[in-house]
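Some notes on the structure that comes next.
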Amino acid sequence: MSPYAPAHANPQGAGDARPTALQIIRDRSLQGKLVGKVMVITGATSGIGIETARALSATGATLLLTARDTKKAETALVGILEPGRVSVIEMDNASFASIRVAAATILAISNNRVNLLVNNAGVMGIEELKLTRDGHEMHFATNHLGHFLLFQLLKPALLASSTPDFHSRVVVVSSSAHRSWNLNESDNYNFEKGGYHYSLAYANSKLANVYMASELDRRYGDAGLHATSLHPGAINTDLSRHLGSEFVAQIMSDDKILKIMKTPEQGAATTVLAAVGNEWEEKGGKYLEDCEEAKRGEDDNEAFGVGPR
544 MSPYAPAHAN PQGAGDARPT ALQIIRDRSL QGKLVGKVMV ITGATSGIGI
594 ETARALSATG ATLLLTARDT KKAETALVGI LEPGRVSVIE MDNASFASIR
644 VAAATILAIS NNRVNLLVNN AGVMGIEELK LTRDGHEMHF ATNHLGHFLL
694 FQLLKPALLA SSTPDFHSRV VVVSSSAHRS WNLNESDNYN FEKGGYHYSL
744 AYANSKLANV YMASELDRRY GDAGLHATSL HPGAINTDLS RHLGSEFVAQ
794 IMSDDKILKI MKTPEQGAAT TVLAAVGNEW EEKGGKYLED CEEAKRGEDD
844 NEAFGVGPR
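Structure (structure tokens):
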């Protein structure tokens, strides 16, 4: 049983006894213990991305944080950025060209060393079908395809950087929303056959996240590269911006939902556990939530539009 299971047994809302990302670091006495390790985090400019960066920065590792808008990122990350150790790399997850440039920059800065890749960036709630310049549905491109390409470009560095005492890892932030899609429908990920709805598009991309992590671990686990996916919990973050204030207000008026809500600091805890927790040092291919491997069962998150991230 996870040491954090009791805190998750009876949630009392954001800011309750459930652990924060920094608590995960402190509980493992990892402050300043990962100097020299290179960690790449996508979408680190808001919500759980910032808190993931803040917690992993406490380990002393070198952090390369990707963002579409670097000026906005630098403002949001005040207090985290540190010249030569924690820096921002321009990257648009919805653009393959941008990802290729960013990956080259990351490898140049890190001297072809990457120990951890956290695929955190995401988009949700785009009401009308929208394709990227590369011709892919926006949710699927941003949440999955962009991360898949980034992994492929960084894969040689991840494999080469793995050591017996610190295996390389890929952490993919998925969502409980992945349970709303199934394999038989996934050949319509671009919605060429019609039927577009943002909830289905989001669920499709989140299911792809789970499959990606599982397949990466199957292919590269024996080479010292492990991967996990996770649901961070119900969190009211900027990810909900496309859904509109009225929809969010309606969700936030539900007492049942409010009880399971987490702060961004708490929402980043499972990501950080997957990233540096010793219980995931030599294994992967699992889907996590609430700081442990998820239990099988029906989705208990009714807060779609707020809850998935």
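Each residue of the sequence shown is one higher than the last, beginning at 544 in the numbering used here.
By construction, the Cβ of each residue, glycine as well, lies at the ideal position given by its N, Cα and C atoms.
Rounded C-beta distance between residue i and residue j? I'm assuming under 8 Å.
i	j	result
leucine 701	leucine 660	7 Å
alanine 619	isoleucine 593	6 Å
leucine 692	isoleucine 649	Not a contact, Cβ separation roughly 13 Å.
lysine 802	proline 554	6 Å
threonine 595	valine 815	6 Å
valine 583	leucine 697	7 Å
isoleucine 873	methionine 804	Because the chain here runs from 544 to 852, residue 873 falls outside it and cannot be looked at.
DSSP on residue i, reduced to helix/strand/coil?
i	result
glycine 850	Confidence is the limiting factor: at glycine 850 the pLDDT is only 36, short of 50, which leaves the residue's position unreliable, though a coordinate-based value still follows. Correct three-state label for glycine 850: coil.
tyrosine 830	strand
leucine 768	strand
leucine 660	strand
serine 774	Going by the sequence as given, residue 774 is histidine instead of serine. Three-state DSSP puts histidine 774 in a strand.
threonine 706	strand
glutamate 680	strand
serine 783	At serine 783, the pLDDT of 49 sits below 50, so the modelled position is not reliable; the number obtained from the coordinates is stated separately. Of the three classes helix, strand and coil, the one that applies to serine 783 here is helix, per DSSP.
alanine 837	coil
isoleucine 649	helix
lysine 802	helix
isoleucine 584	strand
valine 666	coil
leucine 674	strand
valine 714	strand
serine 589	coil
glycine 810	helix
phenylalanine 734	coil
leucine 759	helix
CB-CB under 6 Å to residue i, same chain, minus the five flanking residues each way: which ones, in chain order?
i	result
alanine 610	Thr588, Ala616, Val631
leucine 577	Thr602, Gly603, Ala604
lysine 829	Thr771, Glu836
alanine 664	Thr585, Gly586, Asn636
threonine 685	Asn636, Ala637, Val666
aspartate 677	Phe639
serine 711	Asn658, Leu701, Ser704, Ser705, Leu768
lysine 736	none
serine 757	Gly828
histidine 690	Asn662
One question on the structure: do residue i and residue j come within less than 8 Å of each other, judged by their Cβ atoms?
i	j	result
alanine 598	isoleucine 568	yes
glycine 764	glycine 827	yes
valine 716	asparagine 658	no
alanine 674	tyrosine 739	As written in the sequence, residue 674 is leucine, which differs from the alanine given in the question. No, the Cβ-Cβ distance between leucine 674 and tyrosine 739 is not below 8 Å.
alanine 811	proline 775	yes
asparagine 731	histidine 679	no
threonine 813	leucine 773	yes
threonine 613	glutamate 808	no
valine 714	asparagine 662	yes
serine 545	cysteine 834	yes
serine 748	phenylalanine 694	no
alanine 818	leucine 831	no
alanine 560	alanine 550	yes
tyrosine 741	glutamate 670	yes
Using C-beta distances below 7 Å, list every residue in its chain close to residue i, excluding the 5 sequence neighbours before and after it, in chain order.
i	result
isoleucine 652	Leu607
alanine 645	Thr609, Ile632, Glu633, Met634
alanine 548	Glu835
leucine 688	His679
Below 8 Å CB to CB, which residues in the same chain sit around residue i once its five sequence neighbours on both sides are set aside?
i	result
arginine 761	Gly828
glutamine 566	Ala812
glutamine 574	Ile568, Ala601, Thr602, Gly603
At a cut-off of 7 Å, would you count residue i as near the ligand HEM, judging by its Cβ distance to the nearest heavy atom?
i	result
leucine 674	The ligand content of the structure shown is nil, which means the ligand HEM is not present either.
May I have a chain-ordered list of the beta strand (DSSP E) segments no shorter than 3 residues that lie completely inside the segment 594-638?
605-610, 629-633
Please give the ranges of any alpha helix (DSSP H) in the segment 544-573, keeping only runs that are unbroken, at least 4 residues long and fully inside the region.
List check, alpha helix (DSSP H) in window: 548-552, 564-570.
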